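Remarks on the structure that follows.
There are 2 protein chains.
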Amino acid sequence: MKIGELSRRTSVSRDTIRLYERLGMLNEISRPFEWNTYKDYGEANVKRIRCIKYMQRFSFKLKEIKEVFDAKDANPNQCVDKSNIFKSKLQVIEQEIGELNKTRDALIDIINH
Amino acid sequence: MKIGELSRRTSVSRDTIRLYERLGMLNEISRPFEWNTYKDYGEANVKRIRCIKYMQRFSFKLKEIKEVFDAKDANPNQCVDKSNIFKSKLQVIEQEIGELNKTRDALIDIINH
DNA sequence: ATAAACCGTAGTCTATAGTCTATAGTCAAG
DNA sequence: CTTGACTATAGACTATAGACTACGGTTTAT
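Chains as they are written, first to last, in my numbering: chain A, 707 to 819; chain B, 707 to 819.
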């Protein structure tokens with residue numbers, strides 16, 4: 707499919723898709739036409755982009771998501787250990803919550819001093 | 707004092723001090739020498755920089771801190787209402803905590819699915 | 001046949017808070 | 001008198017995740 711269709715099907719802008727492509731996060735991209743320079747984005751990219759959006763909800767960086775994709779690509783048969791990935795992200799989130807709680811308490815202290 | 711001393715006394719790098727200066731967050735800066743271009747940073751800047759570092763701990767942006775300084779400069783006699791400033795920042799922090807908590811819960815859900 | 005919609009590349013811009021580099025002049029110690 | 005430390009200015013670079021622009025070519029609908 708062309709980028710427009712991919713954009714429509716994922717509700718992600720062309721610009722953003724092109725960014726993901728530049729970052730090497732998509733696959734199965736070809737240029738099947740001789741008379742123009744249009745690209746063809748394979749069906750798998752719909753899933754990829756949905757996966758990106760899903761992981762972003764948990765504050766994964768694009769770089770981190772790309773690493774997961776790369777691991778999968780390097781070893782297509784091996785199952786990616788999602789549990790560990792999410793667990794380590796959970797630790798990060800909990801640490802951030804801890805920091806923010808400290809900041810909040812300090813702020814409350816200031817206000818009530 | 708020259709920038710080096712200011713840097714030493716505040717533990718803030720020269721570059722960072724120059725950034726604050728470019729952003730108009732410092733005051734009492736003069737060029738008292740005719741034979742060179744060295745600047746003289748007034749004593750007040752030690753406090754200013756400490757104040758910046760202090761407010762940054764509560765996730766105030768430089769821009770916000772500058773606004774506080776500007777308000778103070780515009781009206782030196784009037785006391786800045788710190789309480790309100792910190793109270794509104796507290797709301798932001800608590801909202802962030804709320805968001806992070808949601809993310810954390812969703813992550814835990816995934817892990818234990 | 002022409003306009004609208006689409007596609008490609010490349011580059012710039014946003015916010016944030018600095019850091020680093022280059023260039024050039026100055027000061028203090030040996 | 002030279003070396004090292006210090007200073008000034010300006011501009012480029014870092015990470016992050018896109019948005020937006022310009023320019024030129026293509027496809028589709030009227």
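We treat Cβ as the ideally placed atom computed from N, Cα and C, and that holds for glycine.
Remember, it's a predicted structure, so these values are computed and weren't measured experimentally.
Please list, in chain order, the chain B residues whose beta carbon lies closer than 7 Å to that of residue i.
i               : result
I816 of chain A : F792
(request) State whether the region 739–750 of chain A contacts the region 786–793 of chain A, with contact taken as three or more CB pairs (one from each stretch) at a distance under 8 Å. (result) With a cut-off of 8 Å, the region 786–793 of chain A and the region 739–750 of chain A do not count as touching, because too few Cβ pairs lie within range.
(message) At a CB distance below 8 Å, what residues from the region 784–814 of chain B approach chain A? Give them in sequence order.
(response) Those would be K788, S789, F792, K793, K795, L796, I799, E800, E802, I803, L806, N807, T809, R810, A812, L813 and I814, in chain order.
(request) With a floor of 4 residues, list each alpha helix (DSSP H) that falls wholly inside the region 756–818 of chain B, ordered by position along the chain. (result) List check, alpha helix (DSSP H) in window: 768–780 and 788–818.
(message) Using a Cβ-Cβ cutoff of 8 Å, what residues of the region 753–768 of chain A are near chain B? List them in chain order.
(response) Hits within the stretch, in order: R763, F764 and S765.
(message) Closer than 8 Å is the cut-off here; do at least three beta carbon pairs connect the region 717–736 of chain A with the region 746–759 of chain A?
(response) When Cβ pairs closer than 8 Å are counted between the two stretches, the region 717–736 of chain A is seen to touch the region 746–759 of chain A, the count reaching three or more.
(request) Within the region 715–744 of chain A, note down every full alpha helix (DSSP H) run reaching 4 residues or more, in order along the chain. (result) Runs found: 720–728.
(request) Give a yes or no on contact between the region 800–816 of chain A and the region 757–769 of chain B, applying the rule of three or more CB pairs nearer than 8 Å. (result) Yes, the region 800–816 of chain A is in contact with the region 757–769 of chain B.
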